[in-house]
Structure formats: structure tokens, C-alpha cells
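**Q**
Number of protein chains: 2
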Amino acid sequence: MNVEVVTIGDELLLGFTVDTNAAHLARELAAAGIGIVRRSTCGDAPDQIAAAVKEALDRTGAVITTGGLGPTSDDLTKPSIAAIFGRAMKFDDAIWEELKIRWKSYKWPGGIPESNKTQAMIPEGAVILKNRHGSAPGIWLEDDRGRWVAMLPGVPREMRGMLADELLPRVRARATGTPVVVASLTLRTIGIGESALADLLGPLAKGPPGLPLAYLPSVEGTDLRLTTRNSSSDVALEKLRAGAAQLRAVIGEFVYGEEKTDLAAVVLDLLRSRGMKIAVAESCTGGLLGARLTAIAGSSDVVVGGVIAYANEVKESKLGVRSETLRDFGAVSEETAREMAAGVCERFGVAVGAAITGIAGPGGGTPEKPVGTVCIAISAAGAIKSTKVQMIGDRDEIRRRSAQAALNLVRRALASS
Amino acid sequence: MNVEVVTIGDELLLGFTVDTNAAHLARELAAAGIGIVRRSTCGDAPDQIAAAVKEALDRTGAVITTGGLGPTSDDLTKPSIAAIFGRAMKFDDAIWEELKIRWKSYKWPGGIPESNKTQAMIPEGAVILKNRHGSAPGIWLEDDRGRWVAMLPGVPREMRGMLADELLPRVRARATGTPVVVASLTLRTIGIGESALADLLGPLAKGPPGLPLAYLPSVEGTDLRLTTRNSSSDVALEKLRAGAAQLRAVIGEFVYGEEKTDLAAVVLDLLRSRGMKIAVAESCTGGLLGARLTAIAGSSDVVVGGVIAYANEVKESKLGVRSETLRDFGAVSEETAREMAAGVCERFGVAVGAAITGIAGPGGGTPEKPVGTVCIAISAAGAIKSTKVQMIGDRDEIRRRSAQAALNLVRRALASS
Numbered sequence: 001m002n003v004e005v006v007t008i009g010d011e012l013l014l015g016f017t018v019d020t021n022a023a024h025l026a027r028e029l030a031a032a033g034i035g036i037v038r039r040s041t042c043g044d045a046p047d048q049i050a051a052a053v054k055e056a057l058d059r060t061g062a063v064i065t066t067g068g069l070g071p072t073s074d075d076l077t078k079p080s081i082a083a084i085f086g087r088a089m090k091f092d093d094a095i096w097e098e099l100k101i102r103w104k105s106y107k108w109p110g111g112i113p114e115s116n117k118t119q120a121m122i123p124e125g126a127v128i129l130k131n132r133h134g135s136a137p138g139i140w141l142e143d144d145r146g147r148w149v150a151m152l153p154g155v156p157r158e159m160r161g162m163l164a165d166e167l168l169p170r171v172r173a174r175a176t177g178t179p180v181v182v183a184s185l186t187l188r189t190i191g192i193g194e195s196a197l198a199d200l201l202g203p204l205a206k207g208p209p210g211l212p213l214a215y216l217p218s219v220e221g222t223d224l225r226l227t228t229r230n231s232s233s234d235v236a237l238e239k240l241r242a243g244a245a246q247l248r249a250v251i252g253e254f255v256y257g258e259e260k261t262d263l264a265a266v267v268l269d270l271l272r273s274r275g276m277k278i279a280v281a282e283s284c285t286g287g288l289l290g291a292r293l294t295a296i297a298g299s300s301d302v303v304v305g306g307v308i309a310y311a312n313e314v315k316e317s318k319l320g321v322r323s324e325t326l327r328d329f330g331a332v333s334e335e336t337a338r339e340m341a342a343g344v345c346e347r348f349g350v351a352v353g354a355a356i357t358g359i360a361g362p363g364g365g366t367p368e369k370p371v372g373t374v375c376i377a378i379s380a381a382g383a384i385k386s387t388k389v390q391m392i393g394d395r396d397e398i399r400r401r402s403a404q405a406a407l408n409l410v411r412r413a414l415a416s417s
Numbered sequence: 001m002n003v004e005v006v007t008i009g010d011e012l013l014l015g016f017t018v019d020t021n022a023a024h025l026a027r028e029l030a031a032a033g034i035g036i037v038r039r040s041t042c043g044d045a046p047d048q049i050a051a052a053v054k055e056a057l058d059r060t061g062a063v064i065t066t067g068g069l070g071p072t073s074d075d076l077t078k079p080s081i082a083a084i085f086g087r088a089m090k091f092d093d094a095i096w097e098e099l100k101i102r103w104k105s106y107k108w109p110g111g112i113p114e115s116n117k118t119q120a121m122i123p124e125g126a127v128i129l130k131n132r133h134g135s136a137p138g139i140w141l142e143d144d145r146g147r148w149v150a151m152l153p154g155v156p157r158e159m160r161g162m163l164a165d166e167l168l169p170r171v172r173a174r175a176t177g178t179p180v181v182v183a184s185l186t187l188r189t190i191g192i193g194e195s196a197l198a199d200l201l202g203p204l205a206k207g208p209p210g211l212p213l214a215y216l217p218s219v220e221g222t223d224l225r226l227t228t229r230n231s232s233s234d235v236a237l238e239k240l241r242a243g244a245a246q247l248r249a250v251i252g253e254f255v256y257g258e259e260k261t262d263l264a265a266v267v268l269d270l271l272r273s274r275g276m277k278i279a280v281a282e283s284c285t286g287g288l289l290g291a292r293l294t295a296i297a298g299s300s301d302v303v304v305g306g307v308i309a310y311a312n313e314v315k316e317s318k319l320g321v322r323s324e325t326l327r328d329f330g331a332v333s334e335e336t337a338r339e340m341a342a343g344v345c346e347r348f349g350v351a352v353g354a355a356i357t358g359i360a361g362p363g364g365g366t367p368e369k370p371v372g373t374v375c376i377a378i379s380a381a382g383a384i385k386s387t388k389v390q391m392i393g394d395r396d397e398i399r400r401r402s403a404q405a406a407l408n409l410v411r412r413a414l415a416s417s
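Laid out in C-alpha cells, this is it:
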């Protein structure tokens, strides 16, 4: 079974909002064995909506729309699509009663405004998809040939809830035959680029036979995603496992996890298994490394905290970096990073300290230390390792790459200890 | 002049990747007075690419594609689109020479692999769009009726660079007549929800006449966006300015900036103008507030650093929170937050201290202090203000909302000082 998705809204079409609904819908449908063959976005104009939905319906016979149903929207989607099906709009008393109850719970002075009555208008013969996460209900409209359009709201939280509660069960019930499952497995790598990975993989660079390989570089490293289609869930998983093992045999040292594994979680697990605690000492990242570690639920058993040492006097007074070190080597140096790491270990009484100092830019670079120069030091059980890296990207990327690189250095220090 | 955008890739269609290219393209084109009337996404299959591009070309006559040109892609886009135009593919020596030079700079053993030769294949009669940001060049293909397709790579950095360097100048030169400019102005609010804003605005809730208003809630607050079309740039700006003034007259106290203004930058400017420095004391946010402040270039003149006090013993030893306070009121209390704020001011020798302590979840909640309970305190020039807030959302949202709320408290404390 195949569907098309039409996302509606000037905000999307004009690029003010990134369309996260489309990606969520696609993942949920693919996991249920329902294929998406096309996705379209059109603006908030009745003729645009009607054209995009009609073309999709003519191609595929099954269409999901998002947007244009909410309280502050102009509510264009329902009448535009009703017209495709040759249906009139009618006022639905039950929806209106529910809206009134909802507004009563808001304790709104004067109750629900009359202008909200458009929210209670639905096409004749429509089935209502309940919205437990907001006020605008969804709509299911179908013709006598079994062609259908499902209309969901555009607010991501409401759309996701309604998809799970109301639409997926309905679409699954329609799907006949063996579902075509699209399954994937991702290996997360760090410390090596896309081209170098492809070269190392050689004959496997485009994936093992029948398992196309995608390269997804980001500030967190390069993800490698294997995808398979046209298998049942069990067979797909087996194929993916075997394919991943082939890749790992070649590039295993760069792989830190699978799927959505966070490198910070890998580091926390390594610390936990060794009974070690960690503290951070951050200059150019200004708290980003601490934020990465504490973003993981349950991190409090191994993360005690740290010092954001943005100013040099804080590096001296709160971390014990010597003024001679700052004077002779500069704040951005492996020497300073090493003293920051050692200092935070000593002052916070922990086994592991991670320190970052660098030039995030856009200003502050010199010929010897250009923007992107970052020094990282890890003190683990008394042994200090440090490195100087040249990061690419803008200020934000340099900072995020620096935090990720520091996590990887902790991982490597602990893995070899 | 109108164009359509077709983004190509299984990764996009299956929802593994959120399509940020489409939003970027739309914004850049709209700002240049070129309208996007439809956006489509299709998978990495020649028939899907050919169908989506041909339909778009038949509707609009001007199509921009992204994706399917890179070194590890299967390079399906060029031949599929060449076929629509009835053109054969040919090997381009100049592209191949450039690729060889690029690979030489990589110092790759053995030089460029033969498999990269598909990157040098282009449709007959194509114009090459240079790629200064990566290896795969873009393609401009046009028929004798003036209908054209421009193919850009899918890697966002490369796509953005090529759009600015090569494509926009070319498309602008084509656009005839007065460009229809879509212009917008955003007011950023915090401390009030979408419905309450609409209610306060009353007759302005859907925007002043001719200026539709969009409500965009996020963890940073609720943005209000006014949009206007069909005016020249000057007139559009004047209309938007007047509309924004009407809104500000009603909801001004909640507005902290316009367009993409970062609340952290507003706070830094307030500190700078008062000659004050700030330090942070963070528990549940674990460095996020420090990261927000230091994300702004030039923050080092007012941000000295701070303490990530994730463990209670760090709150005591590094910030001077009294053990009685922790015992009697708990780590998540306004009392603890106030001592953290006062402590960081004293120990870091700054005028302003911002402290956050809370329960980010998913565990750790109690009936009295459920997940999302966050206490924030600001010490400014010796006066301490504090608040206890119930944040909604998951761990990540609670932490991000907490950092934003702390910034807003600093803003309010400084604005009234």
C-alpha cells in the first residue's frame, strides 16, 4: 500500500518553518509497511491546496495532509478538499459542544468566541478523527471508489498524537497483503571523514549486495545507514545485522554506536562500568560539554559538574592554571588544556576531567592559531592526554564539534584503560 | 516569476533526514522576489525522479532540484532529467581534470578512484554550475522553449554555497517585470502563550488588515510573524513596521526582539550597557545557560564563566550553598537557587549571577515537586529575585525552557534596574 503526503502552509512553502511533520509521518508509515511515494508542499491558498491534493489523489488514491485546521489558521483545507470530492460543508453540533467544553476548561472570560465556529464545519460524509492533544479535529474523507484523504492538523504534537491514536490503526486496517517493510540500521562513526570511510570500505563502499549504504556526515561524525526493502521484519533485521557486521570488520575502530546512540551516553556507560566520576572544564564551549553529558537521563551518578572558565582569571582561580602557562603558551594551548583537566579533577575530587579551550570565532584568530583551533585534554586516573585539532565550520559548528571530540577522547582514554 | 523545487532522496522521503534544504531555498528565493508554488520530494529511483521533475516542469517551466549528485550517491538525477529533455549523457574532460586536482589535494594514495568518473558525466548541452564547496558540480539544463531545470547537490553546505554563487544570479537575471516580494517581520515574545496572545490582541488576533499573522510557539517563546505580498520592498517594509507597531502597542511588554534576535544577545547587550559581568550556576541545565550566553560571538567581555553544580556537594563547596538549606528545602527550591546565585556572584566577583535548579526528568519527580519543577534565581547588583516554574515537555524541552526562562529573568531584572 502506498500513500502520498501533502503538507499545507505558507510557513512551510516560504521556508519560515522546517517541515518536521513530513519526516515524522514518513518514518511512522514506513515502519508500518506503508510506502510514501511522493511528498508535496503547497501554500495556504484554496486553488493550490485543491490542485496538490487532487493530483496526489489521482496518482495514488491515498493522501494524508497536514496543516490548515488550527484555531488561528484560516481553515482552508477542509472546504478545498471537500470540493474535490463534490461534498458540501456542514456544521457539526458534536464538535461545537466539545469545543465549548474545552474553552470552559480554559476559564476564558466570555467563553468560546463565535469566530471559532469554522472549526466545527466538516465536509458531508466525513469521519471525524479525534484530537486528544488540541482543539481542531482531523477529517477522513472517502469516495465510493475507496480513494481517501486524511486531514491532520499542522501542530507537530497534535499531528503525532492523532497519527498514532486515529490514523495509523485505520490505514493499517486498509493495507492488504504482506506489508513491504523498509528497515534500516545505522552505524555511528567519529574521527574519520566520508571519503576516507568509503575508501577504507573499498568494495563495500556502496554497501553489501542488496543493502544500499548512505553516508550522513554531521557535527557528530559520519553516520552510515544500511537500508533494506521488500523483506519481512525478521529477514530484514537479519540482513541488516549481517551487513553491519561486514562493515564493522573493516571500520570497527571508528564505530561508537548504532542507531541514535549518543556519544555522551557511551561515555557515561564507560565511566559507570569503571566506577569513575567526571567533571568538565570548559572555555570556548562555555558549558556545551556539560550540557551534552547532563542531557542524558540518569547522568547524575557519574557527572558531578564542572567549571565554565571563559575568562582567564577563572582558569587560574577556579582551576589552578598557572599564570606562567597562560603567558608562555596562551589560553588556547595543549599546556593550558592539560592544567585545566588536572585542576578540575583535583578540585572536584573526580577520576576523570575533560577540558576544552579554543578559538570558536568569528574573531580572535591569528596566523599561528586560526579560528577553529581547539585544544582538548583528558585526565583519566592521573594520566593526561591532549590533542590540538583544527575544526571546520562556523562558531556553532566549531563548538559542537569540540564537545563531540572531547567526548570521543574520553571514550578512547577509558576504552584503552 | 515562479519556480518549483524537487528534493530528491530516499533519506528525505523515508523521513530519516529532515529537509532543511527546502526551507533554505524557499527563503532565499522569496527574498529575491521569486515565488515557490510547489515543493515535492521523491525517492532515489529514476522513474520517480523523472515523473516528479516532468510534472513540475509542465506546471511551472522552472525547476530546482537538490540531491543525487554526490560522490557516494548513485548519481541518478542527471540521467533521469537528461531523458526528460531528450539529451544523451557525455563525459566532460574539464570536470574530470578538476576532480583529479581536488583528490590530489586530499593526498589520497593512488589518486582519484575510477568509480568517480560518473561525477564527470553531464547531459549534452548542459551548463555547469561551479561547486566551490565540494566535489560534485551542479547542472543547468534548458530547452528551446526556455524551460529549465537546475540541479544542485544535497549536502546543505554545498547547496547553499552554489545557490548564492551560481544559481541566484542566473535566476534573478531571468526574472522580468516587478518582482513580487514576499516580506515578513517577526516579533519574538516570551512569558505568554499563543491563546493568551490572541486574546490580548483581540481584533488584531489575525493580524492588521492585509498583514496575516502567524503564531509560532517553541521552547524559546511564541513568535508572531506578519507577512505581506505584492508590494515593492520599500512599501512592504513600511507596512510591516506599521503593523508591528500596532501589535507592540498591545503586547509590548512580552516582546524581547524582532526577527532572529536571540534572547541571550539581548541579555548580553543589557549587561554591556550597564558595565556588568555575569556568571552562571547551573544544576539541572548542566551548562546549557552558559552555552547559550557564550554562543554569541563577543560574549567574553561580559561572561566570565560559572559553575556546573550537578552534585549537591558541588553546590556546597563551589557555591557556598548551606547544607541546612539543602536539608530543609531540598536542592530544587527557591532558597537553594537564591544561595547559588548569591554564591556565584561572590566567588566569581561579578554583579550578576543566574542560577537554575530543577527536575528535568524523566525520573526524580515527587507529588510536591513533579518533573518540570524548576527554580530560578537572579542576583543583580546585590538584589536577589527568584521564581518557581512548572515547565512542560520532555527532559530536553524542560532544560531548554529553563535556560530561556533564566535569560528572561535576567532581562527583566536588568530592565527594571
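Quick note, the sequences are listed as chains A and B, same order.
Terminal number for the first sequence in our numbering: 417, no gaps in between.
Terminal number for the second sequence in our numbering: 417, no gaps in between.
We put the CB at the ideal spot given by N, CA and C, even for glycine.
Note that this is a predicted model, so its numbers are computed, not measured.
1. Using alpha carbons as the reference points, say which of B:S416, B:L414, B:G286 and B:L409 lies closest to G191 (chain B).
2. So R292 (chain B) and L216 (chain B) are in contact, right, with Cβ under 8 Å, and what is the actual spacing, rounded?
3. Could you name the residues of the same chain whose beta carbon sits closer than 6 Å to that of G372 (chain B), not counting the 5 residues immediately before and after it, in chain order?
4. If D262 (chain B) and I296 (chain B) are in contact, beta carbons under 8 Å, what's the gap, nearest whole angstrom?
5. Can you tell me whether D93 (chain B) is buried or exposed, with buried defined as 16 or more other CB within 10 angstroms of its CB?
6. Whose CA, out of B:P367, B:I378 and B:T66, lies closest to the CA of E339 (chain B)?
7. Just the C-alpha distance for L268 (chain B) and V302 (chain B), rounded to the nearest angstrom, thanks.
8. Report the rounded CA-to-CA distance for L25 (chain A) versus L13 (chain B), giving the unit in angstroms.
9. For the candidate residues B:G330, B:T294 and B:T387, whose alpha-carbon lies nearest to that of S283 (chain A)?
10. Please report how far the alpha carbon of G154 (chain A) lies from the alpha carbon of S40 (chain A), in whole angstroms.
11. Based on the DSSP output, what are the partners of Q390 (chain A) in its beta bridges?
12. In three-state terms, what does DSSP make of R160 (chain A)?
13. Is there at least one Cβ from chain B nearer than 9 Å to F16 (chain A)'s Cβ?
14. Buried or exposed for K277 (chain B), please, with buried defined as at least 16 other CB atoms from any protein chain shown within 10 angstroms of its CB.
15. Return yes when the Cβ of S386 (chain A) is within less than 9 Å of the Cβ of A337 (chain A), no when it is not.
16. How big is the Cα-Cα spacing for R147 (chain B) and A175 (chain B)?
17. Within 10 angstroms of its Cβ, does T7 (chain A) collect 16 or more other Cβ (buried), or is it exposed?
18. Between which two residues does the beta strand (DSSP E) holding C42 (chain B) run?
19. Residues of chain B with a CB under 9 Å from the CB of S379 (chain A): which are they?
20. Using only the alpha-carbon positions, how far apart do G138 (chain B) and S184 (chain B) sit?
21. Using a Cβ cut-off of 9 Å, pull out every chain B residue sitting near V3 (chain A), in sequence order please.
22. Mind checking L235 (chain A): buried by the 16 CB within 10 Å criterion, or exposed?
23. Going by beta carbon distance, what residues of the same chain come within less than 7 Å of I251 (chain A), once the five residues before and after it are set aside?
24. Given a cut-off of 9 Å, decide if F85 (chain B) and M121 (chain B) are closer than it, judged by their beta-carbon atoms.
25. From this set, A:R27, A:P79, A:A331 and A:A341, which residue's C-alpha is nearest I49 (chain A)'s C-alpha?
26. Quick one: does R272 (chain B) have its CB under 9 Å from some CB of chain A?
27. Along the chain, where does the beta strand (DSSP E) that runs through T366 (chain B) open and close?
28. List the DSSP bridge partners of E282 (chain A).
29. If we cut at 9 Å on Cβ distances, does A265 (chain B) have a partner in chain A?
30. Can you list, in chain order, the residues of its chain whose CB lies under 6 Å from that of L167 (chain A), leaving out five sequence neighbours each side?
31. When DSSP labels each residue in this structure, what does N131 (chain B) get in the three-state scheme?
32. I believe V182 (chain A) touches T227 (chain A) by the beta-carbon criterion, under 8 Å. Please report the beta-carbon distance rounded to the nearest angstrom.
33. I need the straight-line Cα distance from N312 (chain B) to S323 (chain A), nearest angstrom please.
34. Taking the continuous beta strand (DSSP E) assigned at T7 (chain B), which residues delimit it?
35. Which of helix, strand or coil does DSSP assign to T189 (chain A)?
36. Under a CB-based cut-off of 9 Å, is P209 (chain A) close to chain B?
**A** Taking the coordinates as given:
1. Here residue 191 (chain B) corresponds to residue number 191 of the second sequence, with the count starting at 1. That would be B:L409, whose Cα lies nearest to the Cα of G191 (chain B).
2. Within the second sequence, numbered from 1, the residue matching residue 292 (chain B) stands at position 292. Within the second sequence, numbered from 1, the residue matching residue 216 (chain B) stands at position 216. Wrong, their Cβ atoms sit about 20 Å apart, outside the cutoff.
3. Counted from its first residue, the second sequence places residue 372 (chain B) at position 372. If we look at G372 (chain B) and ignore the five residues flanking it on each side, its Cβ neighbours are Q390, M391 and I398.
4. In the second sequence, counting from the first residue as 1, residue 262 (chain B) sits at position 262. In the second sequence, counting from the first residue as 1, residue 296 (chain B) sits at position 296. Confirmed, Cβ separation roughly 6 Å.
5. Taking the first residue of the second sequence as 1, we reach residue 93 (chain B) at position 93. D93 (chain B) should be labelled exposed.
6. Along the second sequence, read from residue 1 onward, the residue named residue 339 (chain B) stands at position 339. Checking every option, the nearest Cα to that of E339 (chain B) belongs to B:I378.
7. As a position in the second sequence, residue 268 (chain B) is number 268, starting the count at 1. As a position in the second sequence, residue 302 (chain B) is number 302, starting the count at 1. Taking the CA atoms as reference points, L268 (chain B) sits about 7 Å from V302 (chain B).
8. Against the first sequence, residue 25 (chain A) aligns to sequence position 25. Against the second sequence, residue 13 (chain B) aligns to sequence position 13. Their Cα atoms are separated by approximately 10 Å.
9. Within the first sequence, numbered from 1, the residue matching residue 283 (chain A) stands at position 283. Selected option, being the one with the closest Cα: B:T294.
10. Against the first sequence, residue 154 (chain A) aligns to sequence position 154. Against the first sequence, residue 40 (chain A) aligns to sequence position 40. Rounded to the nearest angstrom, the two C-alpha atoms are 14 Å apart.
11. The residue labelled residue 390 (chain A) in the question sits at position 390 within the first sequence. Beta-bridge pairing links Q390 (chain A) to A:T373.
12. The count along the first sequence starts at 1 and reaches residue 160 (chain A) at position 160. R160 (chain A) falls in the helix class under three-state DSSP.
13. Residue numbering aside, residue 16 (chain A) sits at position 16 when the first sequence is read from its first letter. F16 (chain A) counts as touching chain B.
14. In the second sequence, counting from the first residue as 1, residue 277 (chain B) sits at position 277. K277 (chain B) should be labelled buried.
15. Locating residue 337 (chain A) in the first sequence gives position 337, where the first residue counts as 1. Locating residue 386 (chain A) in the first sequence gives position 386, where the first residue counts as 1. Result yes, Cβ atoms of A337 (chain A) and S386 (chain A) sit closer than 9 Å.
16. As a working mapping, residue 147 (chain B) is identified with position 147 in the second sequence. As a working mapping, residue 175 (chain B) is identified with position 175 in the second sequence. Approximately 13 Å, taken between the alpha carbons.
17. On the first sequence, residue 7 (chain A) is found 7 positions in, with the first residue counted as 1. Buried.
18. As a position in the second sequence, residue 42 (chain B) is number 42, starting the count at 1. Segment G35 to C42, the beta strand (DSSP E) holding C42 (chain B).
19. Translated into the one-based positions of the first sequence, residue 379 (chain A) becomes position 379. None at all; the shortest Cβ gap to chain B is about 17 Å.
20. Start at 1 with the first residue of the second sequence, and residue 138 (chain B) comes out as number 138. Start at 1 with the first residue of the second sequence, and residue 184 (chain B) comes out as number 184. About 31 Å.
21. Here residue 3 (chain A) refers to the residue found at position 3 when the first sequence is read from its first residue. Ordered by position in chain B, no residue passes the 9 Å Cβ test against V3 (chain A), which lies about 12 Å from the chain.
22. Taking the first residue of the first sequence as 1, we reach residue 235 (chain A) at position 235. Sequence inspection shows Val at residue 235 (chain A); the Leu mentioned does not correspond to that position. With fewer than 16 other Cβ atoms within 10 Å, it is exposed.
23. The residue you call residue 251 (chain A) lines up with position 251 of the first sequence. Here the set comprises T189, L197, L200 and L201.
24. Here residue 121 (chain B) refers to the residue found at position 121 of the second sequence. Here residue 85 (chain B) refers to the residue found at position 85 of the second sequence. Not a contact, by the Cβ cut-off of 9 Å.
25. Locating residue 49 (chain A) in the first sequence gives position 49, counting from the first residue. Cα-wise, what sits closest to I49 (chain A) is A:P79.
26. Taking the second sequence and counting its residues from 1, one reaches residue 272 (chain B) at position 272. For R272 (chain B), the answer is no, since every Cβ of chain A falls outside 9 Å of its Cβ.
27. Numbered from its first residue, the second sequence carries residue 366 (chain B) at position 366. Counting along the chain, T366 (chain B) falls outside any beta strand (DSSP E), and DSSP gives it neither H nor E.
28. Within the first sequence, residue 282 (chain A) is the residue found at index 282, counting from 1. E282 (chain A) pairs with A:I308 and A:I356.
29. Residue numbering aside, residue 265 (chain B) sits at position 265 when the second sequence is read from its first letter. No, its Cβ sits nowhere closer than 9 Å to a Cβ of chain A.
30. Against the first sequence, residue 167 (chain A) aligns to sequence position 167. Here the set comprises A150.
31. Indexing the second sequence from 1 puts residue 131 (chain B) at position 131. N131 (chain B) falls in the coil class under three-state DSSP.
32. Sequence index remark: in the first sequence, residue 182 (chain A) carries index 182 (1-based). Sequence index remark: in the first sequence, residue 227 (chain A) carries index 227 (1-based). Indeed, because the Cβ distance is near 7 Å, the residues count as touching under 8 Å.
33. For the purposes of this step, residue 312 (chain B) is taken as residue 312 along the second sequence, with counting starting at 1. For the purposes of this step, residue 323 (chain A) is taken as residue 323 along the first sequence, with counting starting at 1. N312 (chain B) and S323 (chain A): Cα-Cα distance of roughly 30 Å.
34. Translated into positions along the second sequence, residue 7 (chain B) becomes position 7. N2 to I8 is the extent of the beta strand (DSSP E) around T7 (chain B).
35. As a position in the first sequence, residue 189 (chain A) is number 189, starting the count at 1. In this structure, T189 (chain A) counts as strand in the three-state DSSP scheme.
36. Residue mapping note: residue 209 (chain A) aligns to position 209 of the first sequence, counting from 1. False, the Cβ-Cβ gap to chain B never drops below 9 Å.
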